[in-house]
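Data block below; observations after.
Protein chains: 2
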Amino acid sequence: MPLDERKLDVLRAIVEDYVATQEPVGSRALVERHHMRVSAATVRNDMAFLEDEGYIRQPHTSAGRVPTDRGYRLFVDKLSRIKPLSPAERRAIERFLIGAVDLDDVVHRTVRLLAQVTGQVAVVQYPSLSRSSIRHLELVGVSTTRLLLVMITDTGRVEQRVIELPETVDDAEVSAIRTVINEKLVGKRLSETPIHIQALVDEVDPTRIGMMSSIAAVLLETLIERTDERMALAGTANLTRAGVLDFHGSIRPILEALEEEVVLLKLIGSAGEEPLRVRIGDENEIEHLRGTSVVSTGYGPGATIVGGLGVLGPTRMDYPATISAVSAVARYVGEMLAQA
Amino acid sequence: MPLDERKLDVLRAIVEDYVATQEPVGSRALVERHHMRVSAATVRNDMAFLEDEGYIRQPHTSAGRVPTDRGYRLFVDKLSRIKPLSPAERRAIERFLIGAVDLDDVVHRTVRLLAQVTGQVAVVQYPSLSRSSIRHLELVGVSTTRLLLVMITDTGRVEQRVIELPETVDDAEVSAIRTVINEKLVGKRLSETPIHIQALVDEVDPTRIGMMSSIAAVLLETLIERTDERMALAGTANLTRAGVLDFHGSIRPILEALEEEVVLLKLIGSAGEEPLRVRIGDENEIEHLRGTSVVSTGYGPGATIVGGLGVLGPTRMDYPATISAVSAVARYVGEMLAQA
DNA sequence: GACTGGCACTCGCTACCCTGGAGTGCCAGG
DNA sequence: CCTGGCACTCCAGGGTAGCGAGTGCCAGTC
Numbered sequence: 001m002p003l004d005e006r007k008l009d010v011l012r013a014i015v016e017d018y019v020a021t022q023e024p025v026g027s028r029a030l031v032e033r034h035h036m037r038v039s040a041a042t043v044r045n046d047m048a049f050l051e052d053e054g055y056i057r058q059p060h061t062s063a064g065r066v067p068t069d070r071g072y073r074l075f076v077d078k079l080s081r082i083k084p085l086s087p088a089e090r091r092a093i094e095r096f097l098i099g100a101v102d103l104d105d106v107v108h109r110t111v112r113l114l115a116q117v118t119g120q121v122a123v124v125q126y127p128s129l130s131r132s133s134i135r136h137l138e139l140v141g142v143s144t145t146r147l148l149l150v151m152i153t154d155t156g157r158v159e160q161r162v163i164e165l166p167e168t169v170d171d172a173e174v175s176a177i178r179t180v181i182n183e184k185l186v187g188k189r190l191s192e193t194p195i196h197i198q199a200l201v202d203e204v205d206p207t208r209i210g211m212m213s214s215i216a217a218v219l220l221e222t223l224i225e226r227t228d229e230r231m232a233l234a235g236t237a238n239l240t241r242a243g244v245l246d247f248h249g250s251i252r253p254i255l256e257a258l259e260e261e262v263v264l265l266k267l268i269g270s271a272g273e274e275p276l277r278v279r280i281g282d283e284n285e286i287e288h289l290r291g292t293s294v295v296s297t298g299y300g301p302g303a304t305i306v307g308g309l310g311v312l313g314p315t316r317m318d319y320p321a322t323i324s325a326v327s328a329v330a331r332y333v334g335e336m337l338a339q340a
Numbered sequence: 341m342p343l344d345e346r347k348l349d350v351l352r353a354i355v356e357d358y359v360a361t362q363e364p365v366g367s368r369a370l371v372e373r374h375h376m377r378v379s380a381a382t383v384r385n386d387m388a389f390l391e392d393e394g395y396i397r398q399p400h401t402s403a404g405r406v407p408t409d410r411g412y413r414l415f416v417d418k419l420s421r422i423k424p425l426s427p428a429e430r431r432a433i434e435r436f437l438i439g440a441v442d443l444d445d446v447v448h449r450t451v452r453l454l455a456q457v458t459g460q461v462a463v464v465q466y467p468s469l470s471r472s473s474i475r476h477l478e479l480v481g482v483s484t485t486r487l488l489l490v491m492i493t494d495t496g497r498v499e500q501r502v503i504e505l506p507e508t509v510d511d512a513e514v515s516a517i518r519t520v521i522n523e524k525l526v527g528k529r530l531s532e533t534p535i536h537i538q539a540l541v542d543e544v545d546p547t548r549i550g551m552m553s554s555i556a557a558v559l560l561e562t563l564i565e566r567t568d569e570r571m572a573l574a575g576t577a578n579l580t581r582a583g584v585l586d587f588h589g590s591i592r593p594i595l596e597a598l599e600e601e602v603v604l605l606k607l608i609g610s611a612g613e614e615p616l617r618v619r620i621g622d623e624n625e626i627e628h629l630r631g632t633s634v635v636s637t638g639y640g641p642g643a644t645i646v647g648g649l650g651v652l653g654p655t656r657m658d659y660p661a662t663i664s665a666v667s668a669v670a671r672y673v674g675e676m677l678a679q680a
């Protein structure tokens, strides 16, 4: 029992109207707004069918229909035509991103841009460490038994960590070690560094083995154990937009979820494979976020992906617009990173 | 017409009860709850007086009384006894802050801690650049005409910036310049660096003047023009707490204000002079935040102040508890920074 | 067989009224 | 200066009625 053309039209119309008005849509209004060639009664029959199939539902007997998660899913997969961005929007994006001075700035601008363009909550993951490679390692003597390790990645991220040494060092020695570790590690992907670090310890001059072990331990910790990826968030005020009122009562759990970085990461971080992902309502694993939809994608210079970004909003969002905004922003950010 | 002792007691009781119950407090209930030696009628007279003086008001004729901003102000200045933290709270603070691996981590932990302890929205400013001094400057060649400048401050902040050079350099030269700028600038407070940077350009070997100017320009920009201080935020979910409902309708403007870094800075950043600042309702300059109160203070290693932190909540907050939590957290963070 | 018009029915929403209770202001008396 | 009492105000909550939108179903038409 496949859905015939007209039933699909009806579903599409319901989704579009509901997204636009935030109110259950009835058969009569639907026929009028969309100049359908059939009568309201016919549409009612189609609606009854769509309801049986689980694509729409009635909030109460004798109210209009509202799409279900399943209905949105079908809409997104089959019914929505991609809405290209207006030239004005494109320009806005470009203007907003140009002039960023460093990585922090890029990320902040991006997340605010995304929130503004989509009118929803935006999340941007900083370029992931494990997908970046090392551009430079720096050792700075803080005292005779403490070093500061600074790592700079090709995506512009900087991480630093204090190293406690078992013995004292002088500047010449620090300098020598710096040279060695840079030789061995620069250009390597972070995910492949552990073996090289091991090699460092194995090959080092025996007189320096204690020190090198300390450094290696901190390096490993910095590079690998640190899953603690950073995120930026913007647009939480959009959660309170007028017309999102029944959403309103549930604003609390959403804000709570958004404060958990781990949750955010799950949300938009692992968007590795698919080009763009849409998770609707209950498709979300995170319990607090049932009732919201997430549109996310990866970004990065060229074809490589170094991080994720996306937006979160009520299931009744404007999917075509959101999808094109998210992918456009990801594309522009990728270009920015490629230049830098 | 100074307020006599009993009137002050009445005001204090009104504030405490209102903060506890979130409901207008009437004369009878007040007498009972606080075992006052006088009758309700007497209290009513005092209330009428306090109302004339602008310390309390009635939401509607024949409802109980509610403190005004002015009433809270008097309460905070004169009537509240400081509530010392419980040992459990102290331990919680310590446990929460111990184990932070880097500055980012310290700031994040602090802001979450503060939000959790006070049950309000917390804001922490990263150690301010202009109040820090330079620990180390690093130059990394990215290509033959581009350098990456990395600055590390004594508070652990790291800033980086790309420098475009007018001519090519080799590694030896980069290294020489690195040595020079470190000699001249390490240990200097950022606010006093501009003259030293100028000196650098003036004294440099003429063959390198072009390059040094580029570097100096970027340095100046990084150090001075960059007012763009960073902030961390947590606890926005607390805005939706039950019992904060009339606060509820106005949640939107608050979230909006909180997304403006500039606003946040004004809020808690400039807490330079006074040890601890409480701004109540309309005392706030920021229009969106009328109706909220802000408790903020500075923090830093030892006696120096490198940044601000604070919380924001409804005017009907528990001031004594909030004040002691904010100052305790600031003190602990200061100690952490002093050790690092 | 598919579509249409009509009709009875359901049910949420709003407005309205009413009453109960809490709280006040004021006054006369201690 | 304080107290008890009293009349008054006004919010909150609950119950009711009417309205309107929308549905499901049925008989009729192309």
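Chains as they are written, first to last, in my numbering: chain A, 1 to 340; chain B, 341 to 680.
Here a beta-carbon is modelled for each residue, glycine too, at the ideal position from N, C-alpha and C.
Reduced DSSP category for T547/B - H, G, I as helix; E, B as strand; rest coil
Reading the second sequence from its first residue, position 207 is the one you call residue 547/B. Three-state DSSP puts T547/B in a helix.
So, using beta-carbon positions, are A726/B and V482/B closer together than 8 Å? The shown model of chain B, from 341 to 680, leaves out residue 726/B, and the question about it has no answer.
Listing by chain order, which chain A residues have their CB less than 7 Å from the CB of D442/B?
-> Numbered from 1 along the second sequence, position 102 holds the residue referred to as residue 442/B. The answer, in chain order, is Q160 and R161.
**Item:** Interface partners of L148/A on chain B, CB under 8 Å
**Value:** For the purposes of this step, residue 148/A is taken as the residue at position 148 of the first sequence. In chain order, R475, H476 and I492 make up the part of chain B whose C-beta sits under 8 Å from the C-beta of L148/A.
Please identify the residue among L443/B, R373/B, V502/B and I396/B whose C-alpha is closest to the C-alpha of G647/B. Numbered from its first residue, the second sequence carries residue 647/B at position 307. Per the Cα distances, L443/B.
Excluding the 5 residues preceding and the 5 following Y319/A in the sequence, name in chain order all residues of the same chain whose CB lies nearer than 6 Å to its CB.
-> Start at 1 with the first residue of the first sequence, and residue 319/A comes out as number 319. Result list for Y319/A: V76 and S80, in chain order.
Using Cβ-Cβ distances below 7 Å, what residues of the region 101-130 of chain A are close to chain B? Contacts with chain B (Cβ-Cβ distance below 7 Å) from the region 101-130 of chain A involve V101 and D102, listed in chain order.
Inset, instruction - Leaving aside the five residues before and after D586/B along the sequence, list all residues of the same chain whose C-beta is less than 7 Å from its C-beta, in chain order. - result: On the second sequence, position 246 is the one that residue 586/B refers to. Bear in mind that the predicted position of D586/B carries a pLDDT of just 49, short of 50, making it too unreliable to give a figure here.
- prompt: Which class does I254/A belong to by DSSP, given the choice of helix, strand or coil?
  reply: Here residue 254/A refers to the residue found at position 254 of the first sequence. Three-state DSSP puts I254/A in a helix.
Item checked: Rounded distance between the beta-carbons of P342/B and V406/B, thought under 8 Å -> Reading the second sequence from its first residue, position 66 is the one you call residue 406/B. Reading the second sequence from its first residue, position 2 is the one you call residue 342/B. That belief does not hold up - the Cβ atoms of V406/B and P342/B are roughly 23 Å apart, past 8 Å.
TODO: Report the option in Q58/A, Q339/A, V329/A and E138/A whose CA atom is closest to the CA atom of R91/A.
DONE: By one-based count along the first sequence, residue 91/A stands at place 91. Minimum Cα distance to R91/A is reached at V329/A.
ask   = Are G650/B and I608/B close, meaning C-beta to C-beta below 8 Å?
value = Along the second sequence, one-based indexing puts residue 650/B at 310. Along the second sequence, one-based indexing puts residue 608/B at 268. Against a cut-off of 8 Å, the Cβ pair of I608/B and G650/B comes out as a contact.
Cα-Cα separation between H588/B and G187/A, rounded to whole angstroms
Stepping through the second sequence from its first residue, residue 588/B is reached at position 248. Stepping through the first sequence from its first residue, residue 187/A is reached at position 187. Caution is warranted here: a pLDDT of 49 is assigned to H588/B, below 50, making its placement in the model unreliable, and no coordinate value can be reported.
Fill in: Assigned exposure category for H136/A - 16 Cβ within 10 Å defines buried
One-based indexing of the first sequence puts residue 136/A at position 136. Per the 10 Å Cβ criterion, buried.
What does R252/A touch in chain B if you count any residue whose Cβ is under 7 Å from its own? Taking the first sequence and counting its residues from 1, one reaches residue 252/A at position 252. By Cβ distance, chain B contributes A577 and T580.
Report task. Kindly indicate which three-state DSSP category V263/A falls into: helix, strand or coil? Result -> On the first sequence, residue 263/A is found 263 positions in, with the first residue counted as 1. Helix.
- [ ] Leaving aside the five residues before and after T662/B along the sequence, list all residues of the same chain whose C-beta is less than 8 Å from its C-beta, in chain order.
- [x] Stepping through the second sequence from its first residue, residue 662/B is reached at position 322. Around T662/B: T458, Q460, V635, V651 and G653.
Starting from the beta carbon of A574/B, find every residue of chain A whose beta carbon is closer than 8 Å, and list them in chain order. Taking the second sequence and counting its residues from 1, the one referred to as residue 574/B is at position 234. Per Cβ cutoff of 8 Å: E259.
Mind pulling the chain A residues with CB within less than 8 Å of V480/B? Numbered from its first residue, the second sequence carries residue 480/B at position 140. Within chain A, the residues near V480/B are R135, H136, E138 and I152.
**Prompt:** When DSSP labels each residue in this structure, what does V457/B get in the three-state scheme?
**Reply:** Counting from 1 along the second sequence, the entry for residue 457/B is found at position 117. It is helical.
Original post:
DSSP on S473/B, reduced to helix/strand/coil?
Top reply: On the second sequence, position 133 is the one that residue 473/B refers to. Three-state result, S473/B: strand.
Review point. Is Q125/A helix, strand or coil by DSSP?
Key: Here residue 125/A refers to the residue found at position 125 when the first sequence is read from its first residue. DSSP places Q125/A in strand when its eight states are reduced to three.
- Item | Backbone CA spacing between A40/A and L30/A [nearest angstrom] | As a position in the first sequence, residue 40/A is number 40, starting the count at 1. As a position in the first sequence, residue 30/A is number 30, starting the count at 1. If I take the Cα positions, the gap works out to 8 Å.
Original post:
Could one say the Cβ of L437/B lies closer than 8 Å to chain A's Cβ atoms, at least one of them?
Top reply: Translated into positions along the second sequence, residue 437/B becomes position 97. With 8 Å as the cut-off, L437/B does not count as an interface residue toward chain A.
**Message:** Check for me: the beta strand (DSSP E) holding T651/B runs from which residue to which?
**Reply:** Position 311 of the second sequence, counted from the first residue, corresponds to residue 651/B. The residue you asked about is not Thr; residue 651/B is Val in the sequence shown. From DSSP, the beta strand (DSSP E) with V651/B extends over G647 to P654.
* Asked: Considering only residues of the region 145-189 of chain A, which uninterrupted beta strand (DSSP E) runs meet the minimum length of 3 residues and lie entirely inside it, listed in chain order?
  -> Scanning the region 145-189 of chain A for uninterrupted beta strand (DSSP E) segments of 3 residues or longer gives 146-153 and 158-164, listed from N- to C-terminal end.
Between I286/A and I422/B, what straight-line distance do the alpha-carbon atoms span, to the nearest angstrom? As a working mapping, residue 286/A is identified with position 286 in the first sequence. As a working mapping, residue 422/B is identified with position 82 in the second sequence. Their backbone Cα atoms lie some 41 Å apart in a straight line.
Taking the alpha helix (DSSP H) that A381/B belongs to, which residues open and close that run?
By one-based count along the second sequence, residue 381/B stands at place 41. Per DSSP, A381/B belongs to the alpha helix (DSSP H) from A380 to D392.
Nearest chain B C-beta to L245/A closer than 8 Å, yes or no? Taking the first sequence and counting its residues from 1, one reaches residue 245/A at position 245. Note that L245/A scores a pLDDT of 47, beneath 50, so its modelled location is shaky; the value from the coordinates is reported in the next line. So, not an interface residue.
At least one CB of chain B closer than 8 Å to the CB of L255/A: is that the case? To locate residue 255/A, count along the first sequence from 1; it is residue 255. Yes, its Cβ sits closer than 8 Å to a Cβ of chain B.
query = Do the CB positions of R497/B and L489/B come within less than 8 Å of each other?
reply = Mapped onto the second sequence, residue 497/B falls at position 157. Mapped onto the second sequence, residue 489/B falls at position 149. Against a cut-off of 8 Å, the Cβ pair of L489/B and R497/B comes out as no contact.
According to DSSP, is Y358/B part of a helix, a strand, or is it coil?
Here residue 358/B refers to the residue found at position 18 of the second sequence. In the structure shown, Y358/B sits in a helix (DSSP, three-state: H, G or I).
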